[in-house]
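A.B. asks:
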Ligand code: DGY
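Numbering (my numbering), first residue to last: -19 to 308.
1) Let me check understanding here. Comparing Cα to Cα, which of 77, 170 and 289 lies closest to residue 59?
2) Taking DSSP as the reference, what is the three-state secondary structure of residue 34?
3) With the cut-off set at 9 angstroms, would you say residue 72 and residue 108 are in Cβ contact?
4) Consult DSSP for residue 223 and reduce its assignment to one of helix, strand or coil.
5) Would the beta-carbon of residue 280 be found less than 8 angstroms away from any heavy atom of the ligand DGY?
6) Is the CB-CB distance between residue 182 and residue 203 below 9 angstroms?
7) Of all residues in the structure, which have a C-beta closer than 6 angstroms to any heavy atom of the ligand DGY, taken in chain order?
8) Going by the beta-carbon positions, is the gap between residue 242 and residue 147 smaller than 9 angstroms?
9) May I have the straight-line CA-CA distance separating residue 34 from residue 114, to the nearest angstrom?
10) What is the rounded straight-line gap between the Cα of residue 248 and the Cα of residue 47?
11) Of all the options 178, 124, 155 and 179, which has the alpha carbon lying nearest to the alpha carbon of residue 168?
12) Is there at least one Cβ from chain C nearer than 9 angstroms to residue 68's Cβ?
13) Could you tell me the alpha carbon to alpha carbon distance between residue 178 and residue 23, rounded to whole angstroms?
14) So who's on the other strand from residue 74, going by DSSP bridges?
15) Rounded to the nearest angstrom, how far is the Cβ of residue 235 from that of residue 262, given a contact under 8 angstroms?
16) Straight-line CA distance for residue 101 to residue 157?
17) Which of the three DSSP states, helix, strand or coil, is assigned to residue 153?
18) Tell me the DSSP secondary structure of residue 7 in three-state form.
19) Cα separation between residue 143 and residue 103?
20) Tell me whether the beta-carbon of residue 212 lies closer than 9 angstroms to the beta-carbon of residue 187.
21) Ignoring anything shorter than 4 residues, give me the alpha helix (DSSP H) runs that lie fully in the segment 165 to 204, in order along the chain.
22) Per the DSSP calculation, residue -15 is bridged to which residue(s)?
23) I'd like to confirm the pairing. Which residues does DSSP put opposite residue 266 in its beta bridges?
24) Thinking C-alpha only, which one of 284, 308 and 233 is nearest residue -6?
25) Quick one: what's got a C-beta closer than 7 angstroms to residue 82's C-beta in the same chain, skipping five residues either side?
26) Quickly, what does DSSP pair residue 130 with across the bridge? List them, please.
27) So is residue 304 buried or exposed if we call it buried at 16+ other beta carbons inside 10 Å?
28) Comparing alpha-carbon positions, which option in 98, 110 and 130 lies nearest residue 119?
29) State the start and end residues of the unbroken alpha helix (DSSP H) segment that holds residue 148.
30) Under 9 angstroms, do residue 42 and residue 94 count as touching if we go by C-beta distance?
31) Starting from the Cα of residue 160, find the closest Cα among 106, 288, 136 and 221 and give me that residue.
Structure below.
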């Protein structure tokens, strides 16, 4: 039997790629730089499936020009880069990789919380630049305590809940706000004593605010000038969700004027961040290149999951992680 054609927009880990290459006639985009819109169309024009990354904008006009397309297998949990409405209208299955990256992303969120509050990256720069001339400084690089502080989690999905569980060891008070039903709050062990509060209370009372919402029209610029002004001047903001959830210009102003103590960002309005972004000039922000799920094991598991979704969808079975089941 002739193998079905699929296009993989980047080299994903071998554990997934092996399955895809065995099963399909696969063309893989080997460059580090993402394919352009025209290149996606050119490579995907005969394909029944494509494997996409969050940096591939799969818009309606791309989908329209891929006439044989039956499945878009996203190598990520978030899929805001895909025009889901249009894909669904065309009857195209969209899948993602939920669950497997929860703990890894929660770990990185904590790395950012610790780094921003204890000024770890700034301290490392201080040493490397040869600024450490006095053995011990009573007021050198003072940061803020995490233990006993109040953690505010915006969005209590899988990752938000995993971040909350880790706070237990730091004796933190946990506040959260969530759009979902109270049923989902059961993902939090009772002994955490986490309190559901409104956004206003969360922003005013938290020492650390961490964002775990998907990017939707409602969450775009969820944190802007007004929200930042409600936060304590000693507070830190951490974002490992999607860049546009924060108004970057407002955040820059808040950090520059010390209206906000610090921030830890893994995601940005534009990725990669532009080298002339003013955020790069600030000492009180830790900047990471979107590596929330970047552990070897998790990326391999994501690749396998993505391949299994593709395989199931193209063999007529229900893929394990379909985001638009209404197309079936
Ligand atoms: C996702 O999966 O959505 C992350 O942002 C990347 O792993």
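Where a beta carbon is used, it is the ideal one built from N, C-alpha and C, also for glycine.
Small disclaimer: the values here were computed from a predicted structure and weren't measured.
C.D. replies: Considering the structure as presented:
1) For residue 59, the nearest C-alpha among the options comes from 77.
2) If DSSP states are grouped into helix, strand and coil, residue 34 belongs with coil.
3) No, these two residues do not count as a Cβ contact at 9 angstroms.
4) If DSSP states are grouped into helix, strand and coil, residue 223 belongs with the helices.
5) No, the Cβ of residue 280 stays beyond 8 angstroms of every heavy atom of the ligand DGY.
6) Not closer than 9 angstroms, so no.
7) Matched residues: 34, 56, 57, 58, 81, 272 and 273.
8) Cβ atoms of residue 242 and residue 147: not closer than 9 angstroms.
9) Answer to the nearest angstrom: the Cα atoms are 46 angstroms apart.
10) Distance between residue 248 and residue 47, taken at the CA atoms: about 33 angstroms.
11) Minimum Cα distance to residue 168 is reached at 155.
12) Of the chains in the structure shown, none is chain C; there is only one protein chain.
13) Rounded to the nearest angstrom, the two C-alpha atoms are 47 angstroms apart.
14) Bridge partners of residue 74 according to DSSP: 52.
15) 5 angstroms between Cβ atoms; contact.
16) In this structure, the alpha-carbon of residue 101 lies about 29 angstroms from that of residue 157.
17) It is a strand residue.
18) Strand, per DSSP.
19) About 25 angstroms.
20) A contact, by the Cβ cut-off of 9 angstroms.
21) Within the segment 165 to 204, the complete alpha helix (DSSP H) runs of at least 4 residues are 179 to 185.
22) Residue -15 is bridged to 5.
23) Residue 266 pairs with 244.
24) Taking the Cα of residue -6 as reference, the smallest distance to any Cα among 284, 308 and 233 is reached at 284.
25) 138, 139 and 142.
26) Note: residue 130 sits in a beta bridge opposite 153.
27) By the neighbour-count definition (other C-beta atoms within 10 Å, threshold 16), residue 304 is a buried residue.
28) Nearest C-alpha to residue 119: 98.
29) Residue 148 -> no alpha helix (DSSP H), and no H or E assigned at all.
30) Between residue 42 and residue 94, the CB-CB gap reaches or exceeds 9 angstroms.
31) Taking only the C-alpha atoms, the option nearest residue 160 is 136.
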